[in-house]
Structure formats: structure tokens, C-alpha cells
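Enquirer:
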Amino acid sequence: MISLGSTITEAELGNVKKQRNRAMKIMDNIFKEVDIFLLLTTSRYPEKMDVSHRKWGYLNPWTFIHHTHHSGLSSVSGIPSLAINIGFDKSSNLPIALQMMSKWWSEDLLLSVAYQIEKMFPLTSTPNHYQRVLDIQKSDE
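Residue numbers (this note's numbering): 6 to 146.
1) Does DSSP put S96 in a helix, in a strand, or in coil?
2) Between the beta-carbon of H71 and the beta-carbon of R49, is there less than 8 Å?
3) What's the call for L125, buried or exposed, on a 16-neighbour Cβ count within 10 Å?
4) Please state if the CB of F42 and the CB of I31 are separated by a distance shorter than 8 Å.
5) Out of T14, S80, S11 and E123, point me to the one whose CA is closest to I89's CA.
6) Please classify S86: does DSSP put it in a helix, a strand, or coil?
7) For the alpha helix (DSSP H) that I13 lies in, which residues bound it at each end?
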């Protein structure tokens with residue numbers, strides 16, 4: 006994976022840095038007006054699990070792009086962000102989350118607001134295929 010980085014040209018790296026700076030300026034302007042920025046965590050519901058997914062895993066690039074679409078903003082700009090569960094989809098019982106972002110060095114505000122929202126939307130369910138990672142036995146491998 007490290008070898009992939011060796012193929013990036015200086016011009017491409019310069020463009021990446023320009024886009025990062027652009028994103029930082031946009032977010033800086035937004036945070037002059039608001040303290041917390043809310044958006045969806047993903048742009049679609051999770052895929053339904055097939056039995057084979059539990060054993061072999063699952064990767065669909067198109068789905069991956071849609072599930073990570075909104076997380077790029079905080080990754081590129083470096084602003085603090087977190088996601089909290091705000092409910093469950095009625096048909097699949099899968100979680101629905103809200104992503105929250107705050108300006109740089111305001112993690113305390115971000116955590117305080119997240120805590121208040123979590124109290125408004127307490128966890129009342131778990132997904133059908135939920136399994137605590139710490140409870141998985143080595144024999145399941």
C-alpha cells in the first residue's frame with residue numbers, strides 16, 4: 006500500500022493541498038455562523054447482510070463510496086467530528102446515525118452537544134445481526 010504513494014506527482018500533491026486549504030476555508034466560514042455542523046453519516050441505508058458476509062466479509066466499491074461520502078469533509082479539513090446513533094430503520098432494524106462537526110479546538114462543545122442528543126435518542130434496540138466484538142469466540146474464525 007505504501008508503494009501507491011510513490012506514484013503521486015508533485016503537481017497532484019499540490020492539487021490535494023489546494024483542495025484541503027479550500028475545504029478548511031469553507032469550514033472556517035461556516036463556523037463563523039454556526040457552532041455545530043450536522044449532516045447525515047451516510048447517504049444511504051446499509052446493505053442487507055447475506056449469510057456469506059458474516060464469514061467472508063463484503064466490499065462493494067459503489068456502496069463504500071456512498072457510505073463514506075460525507076466523512077471526507079472532516080477528514081480533508083481536519084475538523085473534529087463524530088457520529089451518534091439517532092434511531093433505527095423500521096424495516097431492517099439497522100442504525101441511523103447523525104454526524105456532527107465543530108470548529109477546530111472545540112471538541113468539548115462537540116462532545117457536550119452529542120451527549121445531549123444521545124439523551125434525546127436513547128438506544129432502544131440492536132440490529133438483528135448484532136454481536137458484541139468482545140463476545141466473539143476464537144472458534145468463530
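Backbone N, C-alpha and C define an ideal beta-carbon position, used for all residues, glycine too.
Expert: Let me lay it out:
1) Residue 96 sits at position 91 when you count from the first residue of the sequence shown. Here S96 sits in coil by DSSP.
2) For the purposes of this step, residue 71 is taken as the residue at position 66 of the sequence shown. For the purposes of this step, residue 49 is taken as the residue at position 44 of the sequence shown. The answer is yes: Cβ separation under 8 Å.
3) Looking up residue 125 in the sequence shown gives position 120. Note that residue 125 is Met in the sequence shown, not Leu. M125 should be labelled exposed.
4) Within the sequence shown, residue 31 is the residue found at index 26, counting from 1. Within the sequence shown, residue 42 is the residue found at index 37, counting from 1. Cβ atoms of I31 and F42: not closer than 8 Å.
5) The residue labelled residue 89 in the question sits at position 84 within the sequence shown. For I89, the closest of T14, S80, S11 and E123 by C-alpha to C-alpha distance is E123.
6) Indexing the sequence shown from 1 puts residue 86 at position 81. S86 falls in the strand class under three-state DSSP.
7) Position 8 of the sequence shown, counted from the first residue, corresponds to residue 13. Element bounds for I13: n/a, residue is neither H nor E.
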